[in-house]
Structure formats: C-alpha cells, structure tokens
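**Student:** Numbering (the UniProt record's numbering), first residue to last: 1 to 349.
All C-beta atoms in this analysis are idealised placements derived from N, C-alpha and C, irrespective of residue type, glycine included.
1. In whole angstroms, what is the alpha-carbon distance linking residue 80 and residue 126?
2. Would residue 32 pass as a contact of residue 20 if the rule is Cβ separation under 7 Å?
3. Run the CB neighbour count on residue 257, radius 10 Å, all protein chains shown included, and call it buried at 16 or more, exposed below.
4. Beta carbon of residue 124: closer than 6 Å to some heavy atom of the ligand COA?
5. Please look up how many angstroms separate the CB atoms of residue 119 and residue 153, rounded, as I've assumed it's under 8 Å.
6. Are the CB atoms of residue 255 and residue 312 nearer to each other than 7 Å?
7. Across the stretch 179 to 193 and the stretch 129 to 146, are there enough close Cβ pairs to call them in contact, namely three or more that are closer than 8 Å?
8. Are the CB atoms of residue 92 and residue 59 within a distance shorter than 7 Å?
9. I think residue 142 touches residue 105, with their Cβ atoms under 8 Å apart; what is that distance to the nearest whole Å?
10. Rounded to the nearest angstrom, what separates residue 107 and residue 188 at their Cα positions?
11. Enumerated in chain order, which unbroken segments of the alpha helix (DSSP H) with a length of 4 residues or greater are wholly contained in the stretch 158 to 211?
12. Residue 403: which of 342, 322 and 304 sits nearest, CA to CA?
13. On the three-state DSSP scale, how would you describe residue 28?
14. DSSP three-state label for residue 113, please.
15. Report yes if the C-beta distance between residue 351 and residue 344 is below 7 Å; otherwise report no.
16. Express the C-alpha separation of residue 198 and residue 248 in angstroms, rounding to a whole number.
17. Considering only the beta carbon of each residue, do residue 26 and residue 52 sit closer than 7 Å?
18. Nearest to residue 210 by alpha carbon, out of 219, 194 and 70?
19. Buried or exposed for residue 289, please, with buried defined as at least 16 other CB atoms from any protein chain shown within 10 angstroms of its CB.
20. Which value, in whole angstroms, describes the spacing of the CA atoms of residue 84 and residue 328?
21. With residue 146 as the anchor, note down where its alpha helix (DSSP H) starts and where it stops.
22. Would you call residue 264 buried or exposed, if buried means 16 or more other Cβ atoms sit within 10 Å of its Cβ?
23. Buried or exposed: which applies to residue 109, given that a residue is buried once 16 or more other Cβ atoms fall within 10 Å of its Cβ?
24. If you measure between the beta carbons of residue 48 and residue 22, is that distance less than 7 Å?
25. Using beta carbons (cut-off 7 Å, strictly below), is residue 55 in contact with chain B?
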C-alpha cells in the first residue's frame with residue numbers, strides 16, 4: 001500500500017513492496033508504474049512469488065507500454081535471469097507477444113543469443129511452443145541463421161523440437177540444408193525423429209510434418225532417396241475392404257437419388273388450377289409434413305455417408321476404419337428414415 005508519511009505527502013511506506021511493481025504492470029497502467037518506480041527505483045529489480053523479474057512479468061502479459069517503460073529505465077533488465085532460468089525475451093516468445101519481442105530485440109539485440117537452463121535459444125522456444133508468427137519474424141528479419149543450428153542440452157536444434165511437437169509450418173521455416181543433417185545426442189536427425197514417432201493412426205499434422213521433412217531433404221540433396229518403412233501398411237488389407245466400401249457407396253448413392261426424387265413427387269400431387277396453381281394438394285396435411293421431414297433426413301444422411309465413404313478411400317487405415325464404421329451407421333439410419341417416409345406416403349395415399 002502507498003501511505004502518506006509526511007506533512008507534504010512526499011514520503012511513502014510500502015507494505016509488501018516486492019510485488020508492487022508487478023501489480024502496477026498487471027493493472028496495465030504506466031502512470032501507476034511511473035509513480036511507484038520514480039519513488040522507489042529499486043523495485044524494478046524485485047521478483048514476484050514465482051521468481052519473475054518485472055520485465056519478464058510485463059513480457060508474459062504482453063504489456064507493451066510497460067515493457068518499453070522498463071527498458072527506458074534500464075536495458076540491463078533484459079539480461080536478468082528468472083528463477084526458472086529463462087530471460088524476458090524467452091517469456092515473450094513463449095507467450096506469443098510479437099510486439100514485445102520486437103521491442104526487446106530492438107533495444108537489446110544481443111538478447112537473442114541468451115539461453116535458458118535447457119540451453120535453448122529463442123528459436124528453440126518459438127518452435128517448441130508453436131509460435132509460428134514469431135518464428136517467421138525471427139528467421140526472416142532478425143538475423144538468426146546461426147541460432148537455427150544451435151543445439152540444446154539434449155542436442156536438439158529448433159528443427160528437432162518443431163518435429164517432436166509436430167509443427168509442420170515451423171519445420172518448413174527451419175528446414176535448411178545444414179539443419180536437416182544435424183544429429184541430437186541420440187544420433188537422430190529431425191527426419192529420424194519423425195519416422196520413429198509416427199504412428200499408423202496419425203493422419204494430418206503428423207504426416208504433413210513428415211512430408212515437409214522428406215521434401216526438404218529431396219530439395220536440398222537431389223541424390224537423396226530416403227525410404228520410409230511404415231510400422232503398418234497404410235492401405236487396407238485385401239480386396240474385400242474395397243468391395244465393402246464400393247457396395248456402401250452404391251447403396252448411399254441410391255438412397256440419395258430416391259429421396260431426392262421423392263421430394264419433387266410428393267404424395268397427393270399438385271394443384272393444376274387456380275387459385276394456388278402448383279401448390280401441393282395436401283399442403284395442410286400434417287402427415288405430408290412428416291413425410292417431407294423423413295425424406296429430407298434420409299437425403300441429408302445419405303449425403304454425409306457418401307462423403308464419409310469417399311474419405312475412407314484415401315488410404316489411411318485410421319481413416320478407413322473410422323469412416324467406414326460411420327458410413328455404415330449412416331446408411332442404416334438413412335434406410336430407416338426412407339422406410340418411414342415410404343410408410344407415411346402409403347398412409348396418405
């Protein structure tokens with residue numbers, strides 16, 4: 001708390017003052033921050049309960065003006081390590097506050113070389129945390145080419161970490177020729193890691209990451225013909241599966257065709273004379289509305305079944321098994337609603 005201690009109100013008693021600057025930052029008010037730090041400049045060096053410096057705390061919440069205020073007072077705070085071994089630039093990168101990152105690098109260019117307790121630089125952190133916009137800015141505008149090949153305590157480069165976390169855009173950004181061949185402490189390149197971690201049920205992001213790595217290898221070395229041996233065949237076994245999918249596809253398509261046609265040939269027909277020319281004769285009959293509901297449900301469900309069956313033929317076993325089961329259930333449901341629509345039509349007739 002701030003308390004007036006003198007007749008002119010120029011001296012203060014601060015209770016729990018260690019966190020006072022952090023509280024001012026948390027309020028997102030530079031005016032409060034100025035009042036506190038102008039009176040007690042030493043508070044800028046205090047840590048909060050988690051061991052974070054004022055600059056790190058401001059960077060973590062993305063308070064750009066507060067960060068600028070602290071850097072105006074002293075840029076040395078950018079090089080003060082938190083209790084967890086990280087620096088303000090690391091915190092800003094991990095939290096994804098790109099404007100704060102730019103400002104710290106502008107004031108303290110050397111901070112990009114700082115390492116946390118894992119031996120990781122800002123590219124490691126951006127790649128691992130998935131902050132692609134920051135990673136792209138760092139690689140394209142901040143002269144971090146040398147940082148991309150640096151290894152942490154486990155021997156992992158930023159490319160290794162991006163691969164471990166299955167971040168294809170980061171892999172694409174970091175996949176330079178010199179990075180592709182670097183091995184970590186286990187003797188694995190990024191491509192080795194992708195192949196060893198890839199599971200048969202992985203579908204999109206994981207396979208896309210592997211594809212980016214393979215393409216990068218081929219582009220950087222045309223002689224490279226890396227062959228991946230999957231742990232399980234990516235094509236469904238046997239010809240029966242294909243016949244099964246095709247049979248379901250035919251049934252679903254027939255249901256869609258029949259129900260679509262039934263929607264335009266409704267029971268009772270249409271009026272051929274005025275007034276209300278072309279209007280359904282049974283438009284006021286609630287059973288006709290019920291028929292249309294069942295018919296539309298059967299039509300839409302069969303459409304979804306057709307799409308599921310098309311996706312099932314993409315070749316991935318996880319896709320096949322999942323979508324085939326879903327499609328079978330949808331086809332049965334479509335047949336059920338089509339039967340109800342037929343029954344209601346017979347009652348109306």
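**Tutor:** The answer reads as follows:
1. Counting from 1 along the chain shown, the entry for residue 80 is found at position 80. Counting from 1 along the chain shown, the entry for residue 126 is found at position 126. Cα to Cα, residue 80 sits roughly 20 Å from residue 126.
2. Numbered from its first residue, the chain shown carries residue 32 at position 32. Numbered from its first residue, the chain shown carries residue 20 at position 20. It is not a contact, given that the beta carbons lie outside the stated cut-off.
3. On the chain shown, position 257 is the one that residue 257 refers to. It is exposed - the Cβ of residue 257 has fewer than 16 other Cβ atoms within 10 Å.
4. Ligands in the displayed structure: none, and consequently the ligand COA is not present.
5. Taking the first residue of the chain shown as position 1, residue 119 is located at position 119. Taking the first residue of the chain shown as position 1, residue 153 is located at position 153. Yes, they are in contact, since the Cβ atoms of residue 119 and residue 153 sit about 4 Å apart, within 8 Å.
6. On the chain shown, position 255 is the one that residue 255 refers to. On the chain shown, position 312 is the one that residue 312 refers to. Result no, Cβ atoms of residue 255 and residue 312 do not sit closer than 7 Å.
7. no
8. Mapped onto the chain shown, residue 59 falls at position 59. Mapped onto the chain shown, residue 92 falls at position 92. The answer is yes: Cβ separation under 7 Å.
9. The sequence position of residue 142 within the chain shown is 142, counting from 1. The sequence position of residue 105 within the chain shown is 105, counting from 1. With a Cβ gap of about 6 Å, residue 142 and residue 105 count as contacting.
10. In the chain shown, counting from the first residue as 1, residue 107 sits at position 107. In the chain shown, counting from the first residue as 1, residue 188 sits at position 188. Whole-angstrom Cα-Cα distance: 37 Å.
11. Within the stretch 158 to 211, the complete alpha helix (DSSP H) runs of at least 4 residues are 158 to 164, 168 to 174, 177 to 180 and 190 to 197.
12. Summary: the structure shown does not reach residue 403, with the chain confined to residues 1 through 349, and so no result is reported for it.
13. Reading the chain shown from its first residue, position 28 is the one you call residue 28. Coil at residue 28, not helix or strand.
14. Taking the first residue of the chain shown as 1, we reach residue 113 at position 113. Note: residue 113 maps to helix in three-state DSSP.
15. The displayed coordinates of the chain run from 1 to 349. Any statement about residue 351 would go beyond what the structure contains.
16. Sequence index remark: in the chain shown, residue 248 carries index 248 (1-based). Sequence index remark: in the chain shown, residue 198 carries index 198 (1-based). The straight-line gap from Cα to Cα measures roughly 31 Å.
17. Position 26 of the chain shown, counted from the start, is the residue given in the question as residue 26. Position 52 of the chain shown, counted from the start, is the residue given in the question as residue 52. No Cβ-Cβ contact shorter than 7 Å links residue 26 with residue 52.
18. Reading the chain shown from its first residue, position 210 is the one you call residue 210. Here the closest residue by C-alpha is 194.
19. Locating residue 289 in the chain shown gives position 289, counting from the first residue. Exposed, because fewer than 16 other Cβ atoms sit within 10 Å of the Cβ of residue 289.
20. Within the chain shown, numbered from 1, the residue matching residue 84 stands at position 84. Within the chain shown, numbered from 1, the residue matching residue 328 stands at position 328. For residue 84 and residue 328, the distance between alpha carbons rounds to 53 Å.
21. On the chain shown, position 146 is the one that residue 146 refers to. In the DSSP annotation of this structure, residue 146 is not part of any alpha helix (DSSP H), being labelled neither H nor E.
22. Locating residue 264 in the chain shown gives position 264, where the first residue counts as 1. Residue 264 should be labelled exposed.
23. Looking up residue 109 in the chain shown gives position 109. In the assembly as shown, residue 109 is an exposed residue. Its beta-carbon has fewer than 16 other beta-carbons within 10 Å.
24. Counting from one through the chain shown, the residue named residue 48 turns up at place 48. Counting from one through the chain shown, the residue named residue 22 turns up at place 22. Against a cut-off of 7 Å, the Cβ pair of residue 22 and residue 48 comes out as a contact.
25. No chain B is part of this structure, which consists of one protein chain only.
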